[in-house]
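Asks: Chains as they are written, first to last, in my numbering: chain W, 43 to 319; chain X, 43 to 319.
Each residue gets a CB set at the ideal place from its N, CA and C atoms; glycine is no exception.
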């Protein structure tokens, strides 16, 4: 695998959520036609298909299966919700296995009715509960630290340091970290924690999009690379220096871009990928 | 001064921005009538009055002047903007002196056209340029770390650790830190950095409001204490344990509450203060 050069699309992966209006068959076809090399499938994109069928479609297309999004959301003030989350994560691991996905991204979760520490304890318990099944089915798990703006309901793991600490606690070859520039770009410890993550062989995934200034919505107005203020290339180079040579995954949530012609949008993504990633 | 007990309002300060619809005279009158003990004046609240006149109004009311909001916004990609920011901060220091305000809160600023490190370098340069004038006029400066959601345009100082480091770099009795629960509640190092701040005698101010779940707007939908997910009392106790015995300042930006009857709203604030701070 190549390290830094993005003169071609051999390291470009796109998340199905990025082109949310497209059904899974159409997304796979269009990505393949444009020379996109990898795909991350979101669980809301299955439509009428079973995970196994989607896996077959991906293999036929020649695109590499990269990850399944997403597991996690472990914390809750109620025990029954926490148990349901663990069951759902086990289901996700089985789906990934059926689809041939080597990795699941974990958005760890948080419950605003309790402290962040309690949520992190429950995240640890959740990972502990699902990690054996992940190992058994050869599916890796990647903790994605989320921007602190989501600390109330989406994740109590908000920095690379916290994600590294959590992964280090388990010290399992099946558990690592997913770096998403949107969530971590502001962190003064980002470079050192990326290096730490790579040295422990835990840097499992790298996601890109951009932080628009201003954004109309903190969740659903993410930018195409170059539309915002993140120095994506610098972070991508840190990630590569840390030993990561996997895919650069384009994951954009955007009510604005979802309303546009998805063919044009995919072309813009590919242009932006060459210019800014 | 009392440490932890909030059975009375002797440590309650309100920011004029909290009751934005009220002009400065009305705000002072209403705060005094309700037994509020301190006031922080925002520079947009002067109306027809000069800082010196506002200072006289505050002294007559018997309310204690707590701080002037705000200085800062030092970084810019253009030198002329940076020079203008320094001039404006010098003006703020002189206004604080005229008003009898012992402290200015610094929202340090950030420019999305450059890296956060460059913005922090320019913040350091800005503070260096204004600190002598602050010392000369007996006006303290408090760096307020802002939530990372504002790292693009409002502040490249996003954690208590960064604020402590910045203040420590200057090691001046005129430069400290303002802790606002809204900005720092999510941080796993919050308690230890509050203690570090207090031990260095740099904990100059403490602001409260709440983080609503969900919020309609990330800037202008802050909650009254108790309306959100922050364990304000726990943080207030950490601040007191760190040696802080100044005011608990209620600073709420809220398009929702600004539209309500401000007398009712002030009563709700006082109730919430007793219950949650």
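Check residue 153 (chain W) in the structure and name its three-state DSSP category.
Replies: Three-state result, residue 153 (chain W): coil.
Asks: Put residue 266 (chain X) into one of helix, strand or coil per three-state DSSP.
Replies: Residue 266 (chain X) falls in the coil class under three-state DSSP.
Asks: Does residue 309 (chain W) come out as helix, strand or coil in the three-state DSSP assignment?
Replies: Reduced to three states, the DSSP call for residue 309 (chain W) is helix.
Asks: Specify, as a first and last residue, the run of the alpha helix (DSSP H) that residue 246 (chain X) falls within.
Replies: Looking at the DSSP string, residue 246 (chain X) is not in any alpha helix (DSSP H); the run it does join, the beta strand (DSSP E), is 245-250.
Asks: For residue 68 (chain X), which three-state DSSP category applies?
Replies: Here residue 68 (chain X) sits in helix by DSSP.
Asks: So, helix, strand or coil for residue 128 (chain X), using DSSP?
Replies: Here residue 128 (chain X) sits in helix by DSSP.
Asks: For residue 44 (chain W), which residues from the same chain have a beta carbon less than 8 Å from its beta carbon, with the 5 sequence-adjacent residues on both sides left out?
Replies: Bear in mind that the predicted position of residue 44 (chain W) carries a pLDDT of just 43, short of 50, making it too unreliable to give a figure here.
Asks: Entirely within the segment 76-141 of chain X and at least 3 residues each: give me those beta strand (DSSP E) ranges in chain order.
Replies: Here the runs fully enclosed are 80-84, 106-114.
Asks: Could you say which of W:138, W:297, W:272 lies nearest to residue 180 (chain W) if we only look at CA atoms?
Replies: Here the closest residue by C-alpha is W:138.
Asks: Would residue 314 (chain W) be called buried (16 or more neighbouring beta carbons within 10 Å of its own) or exposed?
Replies: Flag for residue 314 (chain W) reads buried.
Asks: Any idea if residue 388 (chain X) is buried or exposed, counting beta-carbon neighbours within 10 angstroms, 16 or more meaning buried?
Replies: Past the edges of chain X, shown from 43 to 319, lies residue 388 (chain X), and the structure says nothing about it.
Asks: Inspect the beta-carbon positions of residue 62 (chain W) and residue 253 (chain W) and report whether they are closer than 9 Å.
Replies: The answer is no: Cβ separation not under 9 Å.
Asks: Taking only three categories from DSSP, how would you classify residue 44 (chain X)?
Replies: Confidence in residue 44 (chain X) is poor, its pLDDT being 43 and thus under 50, which makes the residue's placement unreliable; the coordinate value appears in the next sentence. Looking at residue 44 (chain X) - three-state DSSP - the assignment turns out to be coil, as it is neither helix nor strand.
Asks: Taking a Cβ distance cut-off of 8 Å, strictly less, list which residues of the segment 47-73 of chain W are near chain X, in chain order.
Replies: Listed in sequence order: no entries.
Asks: Give the single residue among X:260, X:291, X:182, X:96 whose Cα lies nearest to the Cα of residue 297 (chain X).
Replies: Per the Cα distances, X:260.
Asks: Please name the residue, chosen from W:184, W:292, W:201, W:214, that lies closest to residue 191 (chain W) on a Cα-to-Cα basis.
Replies: Here the closest residue by C-alpha is W:201.
Asks: So the candidates are X:163, X:129, X:87; which of them puts its Cα closest to the Cα of residue 212 (chain X)?
Replies: Comparing Cα positions, the closest option is X:163.
Asks: State the Cα-Cα distance for the pair residue 81 (chain W) and residue 310 (chain X), rounded to the nearest angstrom.
Replies: So the two alpha carbons sit approximately 52 Å from each other.
Asks: So, using beta-carbon positions, are residue 114 (chain W) and residue 197 (chain W) closer together than 9 Å?
Replies: Yes, the pair counts as a contact, with Cβ atoms nearer than the cut-off.
Asks: In whole angstroms, what separates the C-alpha of residue 267 (chain X) from that of residue 235 (chain X)?
Replies: Straight-line Cα distance between these residues: approximately 23 Å.
Asks: Grab the span of the alpha helix (DSSP H) containing residue 239 (chain X) for me, first residue to last.
Replies: First-last of the alpha helix (DSSP H) with residue 239 (chain X): 232-241.
Asks: Under 7 Å, CB to CB, which of the residues in the segment 267-282 of chain W have a partner in chain X?
Replies: Correct list: 271, 273.
Asks: Strictly below 7 Å CB to CB, what residues from chain X border residue 154 (chain W)?
Replies: 255, 271, listed in chain order.
Asks: Using 10 angstroms around the beta-carbon of residue 292 (chain W), count the other beta-carbons present and answer buried if the total reaches 16, otherwise exposed.
Replies: Buried, since its Cβ has 16 or more Cβ neighbours within 10 Å.
Asks: Could you pull the start and end residues of the beta strand (DSSP E) that residue 220 (chain W) belongs to?
Replies: Note, residue 220 (chain W): beta strand (DSSP E), 217-222.
Asks: For residue 301 (chain W), which of helix, strand or coil comes out of DSSP?
Replies: If DSSP states are grouped into helix, strand and coil, residue 301 (chain W) belongs with coil.
Asks: Contact between the segment 122-136 of chain W and the segment 65-84 of chain W: three or more CB pairs below 8 Å?
Replies: Judged by Cβ distances under 8 Å, the segment 122-136 of chain W makes no contact with the segment 65-84 of chain W, as fewer than three pairs qualify.
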